[in-house]
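Presented below is the structure to which this report refers.
2 protein chains.
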Amino acid sequence: MNPILNNFLKKLDAILISSRSNIIYLTTYPNFSETERECFLLITRSKQYLITDKRYSEAVTQVVKNFEIKDSGANKLLTAGRSSLLKNLRITNLGIEEYDLTVSEYSKLKKFVKTKSVDLRNLRIVKQKKEIENIQKACRLGDLAFEFIIKQLNPGVSEREIADKLETFINLKGADISFKPIIAFGKNSSIPHHMAGNSKLRKNQIVLLDFGVKVNNYCSDMSRTIFFGKAPNKFKKMYRTVLEAQTKAIEFIQSFYSSSERGESRSKLSISSNSQLFARDIDKIARNYIIKQGFSNMIHSLGHGVGIEVHEAPHISLKSKDKISSGMIFSIEPGIYIPGFGGVRIEDLVVVQDNKAQLISHSNREIIEL
Amino acid sequence: MNPILNNFLKKLDAILISSRSNIIYLTTYPNFSETERECFLLITRSKQYLITDKRYSEAVTQVVKNFEIKDSGANKLLTAGRSSLLKNLRITNLGIEEYDLTVSEYSKLKKFVKTKSVDLRNLRIVKQKKEIENIQKACRLGDLAFEFIIKQLNPGVSEREIADKLETFINLKGADISFKPIIAFGKNSSIPHHMAGNSKLRKNQIVLLDFGVKVNNYCSDMSRTIFFGKAPNKFKKMYRTVLEAQTKAIEFIQSFYSSSERGESRSKLSISSNSQLFARDIDKIARNYIIKQGFSNMIHSLGHGVGIEVHEAPHISLKSKDKISSGMIFSIEPGIYIPGFGGVRIEDLVVVQDNKAQLISHSNREIIEL
Numbered sequence: 452m453n454p455i456l457n458n459f460l461k462k463l464d465a466i467l468i469s470s471r472s473n474i475i476y477l478t479t480y481p482n483f484s485e486t487e488r489e490c491f492l493l494i495t496r497s498k499q500y501l502i503t504d505k506r507y508s509e510a511v512t513q514v515v516k517n518f519e520i521k522d523s524g525a526n527k528l529l530t531a532g533r534s535s536l537l538k539n540l541r542i543t544n545l546g547i548e549e550y551d552l553t554v555s556e557y558s559k560l561k562k563f564v565k566t567k568s569v570d571l572r573n574l575r576i577v578k579q580k581k582e583i584e585n586i587q588k589a590c591r592l593g594d595l596a597f598e599f600i601i602k603q604l605n606p607g608v609s610e611r612e613i614a615d616k617l618e619t620f621i622n623l624k625g626a627d628i629s630f631k632p633i634i635a636f637g638k639n640s641s642i643p644h645h646m647a648g649n650s651k652l653r654k655n656q657i658v659l660l661d662f663g664v665k666v667n668n669y670c671s672d673m674s675r676t677i678f679f680g681k682a683p684n685k686f687k688k689m690y691r692t693v694l695e696a697q698t699k700a701i702e703f704i705q706s707f708y709s710s711s712e713r714g715e716s717r718s719k720l721s722i723s724s725n726s727q728l729f730a731r732d733i734d735k736i737a738r739n740y741i742i743k744q745g746f747s748n749m750i751h752s753l754g755h756g757v758g759i760e761v762h763e764a765p766h767i768s769l770k771s772k773d774k775i776s777s778g779m780i781f782s783i784e785p786g787i788y789i790p791g792f793g794g795v796r797i798e799d800l801v802v803v804q805d806n807k808a809q810l811i812s813h814s815n816r817e818i819i820e821l
Numbered sequence: 452m453n454p455i456l457n458n459f460l461k462k463l464d465a466i467l468i469s470s471r472s473n474i475i476y477l478t479t480y481p482n483f484s485e486t487e488r489e490c491f492l493l494i495t496r497s498k499q500y501l502i503t504d505k506r507y508s509e510a511v512t513q514v515v516k517n518f519e520i521k522d523s524g525a526n527k528l529l530t531a532g533r534s535s536l537l538k539n540l541r542i543t544n545l546g547i548e549e550y551d552l553t554v555s556e557y558s559k560l561k562k563f564v565k566t567k568s569v570d571l572r573n574l575r576i577v578k579q580k581k582e583i584e585n586i587q588k589a590c591r592l593g594d595l596a597f598e599f600i601i602k603q604l605n606p607g608v609s610e611r612e613i614a615d616k617l618e619t620f621i622n623l624k625g626a627d628i629s630f631k632p633i634i635a636f637g638k639n640s641s642i643p644h645h646m647a648g649n650s651k652l653r654k655n656q657i658v659l660l661d662f663g664v665k666v667n668n669y670c671s672d673m674s675r676t677i678f679f680g681k682a683p684n685k686f687k688k689m690y691r692t693v694l695e696a697q698t699k700a701i702e703f704i705q706s707f708y709s710s711s712e713r714g715e716s717r718s719k720l721s722i723s724s725n726s727q728l729f730a731r732d733i734d735k736i737a738r739n740y741i742i743k744q745g746f747s748n749m750i751h752s753l754g755h756g757v758g759i760e761v762h763e764a765p766h767i768s769l770k771s772k773d774k775i776s777s778g779m780i781f782s783i784e785p786g787i788y789i790p791g792f793g794g795v796r797i798e799d800l801v802v803v804q805d806n807k808a809q810l811i812s813h814s815n816r817e818i819i820e821l
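As given, the protein sequences belong to chains A and B, one line each in that order. Count along the first sequence from 1, add 451, and you get the number used in the numbering used here. Count along the second sequence from 1, add 451, and you get the number used in the numbering used here.
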């Protein structure tokens with residue numbers, strides 16, 4: 452039994468797990484819908500149940516061995532009242548994922564059980580060795596995909612064609628994309644979440660590529676910004692600032708670990724106190740550097756954990772309360788965006804392991820002019 | 452203003468729209484995350500607001516003209532309390548989508564407004580002409596994709612390779628897939644939602660293909676089951692039963708409309724009374740036929756609406772309360788599944804328009820032996 456769940460179960464009869472990513476984490480079965488409720492896990496001190504319907508039960512039975520499979524339907528669990536599994540198991544105190552369960556589902560449930568919020572958003576924050584290996588594999592494929600895709604940049608090619616080629620390349624390597632690639636040409640690159648469209652590449656445009664690979668349910672995420680032509684000084688200054696902001700943030704993390712290994716005082720290196728590395732302090736390093744160079748405040752957070760979700764804990768943002776520890780993997784992705792001109796973002800993943808922080812994507816980060 | 456929303460607003464100060472598909476429907480902007488909360492719409496009697504963050508505001512401003520864009524962040528709307536947009540607009544009675552909003556979000560909101568459930572799951576049930584045209588285009592591409600993909604079925608090809616080729620074909624036509632294609636070889640076909648894997652095609656196997664195309668945000672959905680080799684009688688009986696069940700269900704719908712055009716009494720044609728066509732009666736026709744032929748009860752419902760979501764209202768199931776009317780588009784997809792042997796499913800879309808029910812996918816439905 453997972454120790455985090457075990458701890459919650461000291462005060463509860465059972466936990467109802469509804470979030471798709473936690474279901475994948477605990478069962479390894481990845482095929483439930485992202486938008487419809489097709490599965491719940493019900494975890495008691497003595498037994499674990501997976502509740503789904505007959506469209507899935509045969510497949511799930513083959514894959515998921517440590518859960519008893521119930522195929523009467525996820526919705527039935529909430530509405531069956533006295534005849535439901537919850538009643539049969541005499542569950543009166545039930546932990547629920549309030550950030551995932553809908554108000555409608557909750558209204559049904561509370562008619563026959565008492566619920567208590569159980570926050571499992573950090574359940575996956577510390578990765579095991581096998582999980583880290585999967586993300587490393589995804590990053591290696593990401594590096595190969597980047598090498599491949601920059602050769603496809605020719606005048607007239609559309610953002611969408613580049614996105615499709617990336618996806619096909621990744622599929623042919625036996626992996627999936629972890630999200631629809633963001634491919635932005637020219638001034639489209641000032642939109643951080645631009646959707647690849649019909650814009651065609653012209654000489655002297657910025658090309659921003661942000662994409663990820665999924666291997667065995669685990670995601671990578673990387674961004675590179677290149678210049679298709681001879682880069683003007685305005686772009687070069689943006690690029691150097693973003694790269695330096697990223698480097699400073701990564702070195703800040705690394706210095707925390709190297710100094711802690713040498714037993715040095717960290718007071719001169721770190722804003723954090725109490726020998727802890729706060730995610731928000733990493734964000735500050737990069738953000739303040741960008742502002743100091745005369746650019747506007749960054750319009751998104753510096754980074755995010757990756758894993759089964761492409762965005763998960765820890766959150767590397769000003770408001771984050773997360774502390775960095777061994778087993779965490781997260782992106783460092785500063786960006787500068789100037790509407791009407793374009794944007795620059797550079798994103799790599801960092802893993803903290805064996806008291807060291809290391810980059811796990813290795814694509815060239817120096818300025819590329821094509 | 453949409454008449455359904457207008458009607459709700461008679462008794463409310465505003466409606467908070469959170470479901471991604473309704474956001475796409477009302478704004479046409481499709482690029483918000485499926486798994487994270489990145490946008491709300493707030494609709495009052497006099498004005499409409501789109502609340503998102505700075506990663507999206509530039510892109511949204513270009514596309515969405517009938518909403519005032521607020522870029523302070525979706526989460527901020529729920530937590531800002533007295534300084535929030537809701538307070539500024541003096542909203543005290545707020546309609547919410549309880550089937551979409553999470554318990555956590557609701558807890559924040561109810562601290563400063565009164566909420567009332569507003570069910571907008573049927574907001575998109577009746578399609579406009581333009582929407583129908585998009586789905587028709589998606590179906591045409593689906594037919595072309597089917598024609599293409601059956602030529603790729605060769606011994607040794609994997610389910611996953613077929614899924615990738617389908618996706619690439621659809622992408623190269625300028626469209627998207629509407630969901631990850633379900634490609635199942637041999638006995639995998641008895642799992643209705645099988646995920647394409649590494650199984651390789653061998654002679655004398657069932658091949659079940661279930662896939663969809665997305666054009667301008669609108670989905671198609673079709674399934675075909677073919678036999679790779681000379682089909683044994685067991686398969687042929689399953690196939691003929693499924694096809695006949697589908698035909699009977701479609702003819703039932705068509706006869707409802709043709710008789711209503713001729714002003715005939717429908718009592719002899721229809722289980723429904725009051726000149727209404729109930730979705731559940733369509734399900735019964737196909738389901739009962741399959742059972743009568745000696746097969747087990749169908750393990751899923753007969754069909755579902757398609758549109759911005761690949762599964763939406765109307766629901767063609769035994770429990771459905773939906774009534775069919777002009778402007779609806781839905782799948783009719785009976786299936787028979789025998790674990791250890793395989794499954795057969797045939798799925799096409801039906802549109803009801805101008806007092807007629809017509810098929811909008813046209814791929815061969817007769818038995819195919821390759």
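A virtual CB, placed ideally from N, CA and C, is assigned to each residue, including glycine. Every value quoted in this text rests on a predicted model; they were computed, and no experiment measured them.
Who does residue i pair with in a DSSP beta bridge?
i	result
C590/A	Paired residue(s): none; C590/A is not in a bridge.
H450/B	With chain B represented from 452 up to 821, any question about residue 450/B goes unanswered, as that position is not in the structure.
E820/B	F678/B
M673/A	F662/A
D799/B	I783/B
G794/A	Y788/A
A465/B	T495/B, L545/B
Y500/A	L493/A, E519/A
Q744/B	Note: Q744/B sits in no beta bridge, so no partner.
Q656/B	F679/B
D627/A	K665/A
F636/A	V658/A
Kindly list the residues whose CB is nearer than 7 Å to the CB of residue i, restricted to its own chain and excluding five residues on each side of it in sequence; keep chain order.
i	result
N517/A	Q499
P683/B	none
K681/A	E820
F793/A	One point to set straight first is that residue 793/A is Gly, not Phe, in the sequence displayed. Excluding sequence neighbours, G793/A sits near G637, K638, S640, S641, I657.
Between residue i and residue j, what straight-line distance do the alpha-carbon atoms span, to the nearest angstrom?
i	j	result
N806/A	E695/A	24 Å
K561/A	L552/A	12 Å
L501/B	L493/B	6 Å
Y740/A	P632/B	46 Å
S555/B	F781/A	25 Å
F563/B	N526/B	15 Å
Q804/A	V693/B	55 Å
N668/B	P454/B	22 Å
G778/B	D672/B	17 Å
D504/A	E485/A	16 Å
L460/B	R541/B	15 Å
K735/A	T512/B	29 Å
I704/A	E618/B	41 Å
Near residue i, which residues of its chain fall below 8 Å by C-beta distance, leaving aside the five closest residues on each side in sequence?
i	result
E509/A	none
N482/A	Y507, A510
Could you check whether residue j and residue i sit closer than 8 Å to each other, using their CB atoms as the reference points?
i	j	result
S523/A	F491/A	no
A730/A	H766/A	yes
R506/A	I750/B	yes
A596/B	V664/B	yes
I797/B	S674/B	yes
K825/A	T530/A	Residue 825/A falls outside the range modelled here, since chain A spans only 452 to 821, and no answer is possible.
Spatial neighbours of residue i within its chain, please: C-beta separation below 6 Å, excluding the five flanking residues on both sides.
i	result
N458/A	none
E487/A	none
I811/A	Q587, C590, L800, V802
Q656/B	F636, G637, F679
S609/B	N649, K651
So for residue i, helix, strand or coil by DSSP?
i	result
L552/A	coil
K602/B	coil
F729/A	strand
L810/B	strand
Q804/B	strand
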